[in-house]
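In the working numbering, the protein residues as written are 2 to 161. Think of the CB as a built atom: it goes at the ideal place given N, C-alpha and C, for glycine as much as any other residue. This structure is a prediction, so every number in the text was calculated from the model and none was measured.
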Ligand code: PNS
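Here's what the structure looks like:
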């Protein structure tokens, strides 16, 4: 079975993330969305809220393929978590050339740490390529409308 890990902060999940999750599930039999615990990143949403929001977004928006997608928190190295769950691939999204440099460095570093785990990239759909969780958080903090940027589950969570 081909299994992939899609790691990230998902603080909160955006339509860009959801697009990558859905497309990864079109390629891999099992996809695990790995939510980084790392409290040093000082997330706006706690781990449980991020996981719950992602699960709702997936079941609301992705239909039947949701059955092949898991969501779980992890701490430590991404490659160690990939090994632990038996994922042979790490999935990441690329929105623009500006993402490429850091993603290239992470992919090479992860491959050095775990040569058996390869990284694959999906180009985020054009209509979502402008989205970033940080900007969305800022807009929401000032009371702006983020309903076209986030799945309904994430909009509800931010409002709460
Ligand atoms: O959504 P993000 O914040 O862009 O995701 C970044 C993430 C979680 C993929 C990256 O920070 C990560 O892999 N962190 C776990 C620690 C680790 O493995 N570091 C080495 C990466 S080369």
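**OP:** Determine the DSSP secondary structure at residue 58, reduced to helix, strand or coil.
**Re:** helix
Original post:
Between residue 152 and residue 52, is the Cβ-Cβ spacing less than 8 angstroms?
Top reply: no
Subject >> Given residue 127 as reference, the closest of 9, 120, 98, 37 once Cα atoms are compared >> reply: 98
**OP:** Say yes only if the C-beta of residue 148 is nearer than 7 angstroms to one or more non-hydrogen atoms of the ligand PNS, and no if none qualify.
**Re:** no
**OP:** Starting from the Cα of residue 121, find the closest Cα among 93, 34, 33, 57 and give me that residue.
**Re:** 93
**OP:** Classify residue 87 as buried or exposed, calling it buried when 16 or more other Cβ atoms lie within 10 Å of its own Cβ.
**Re:** exposed
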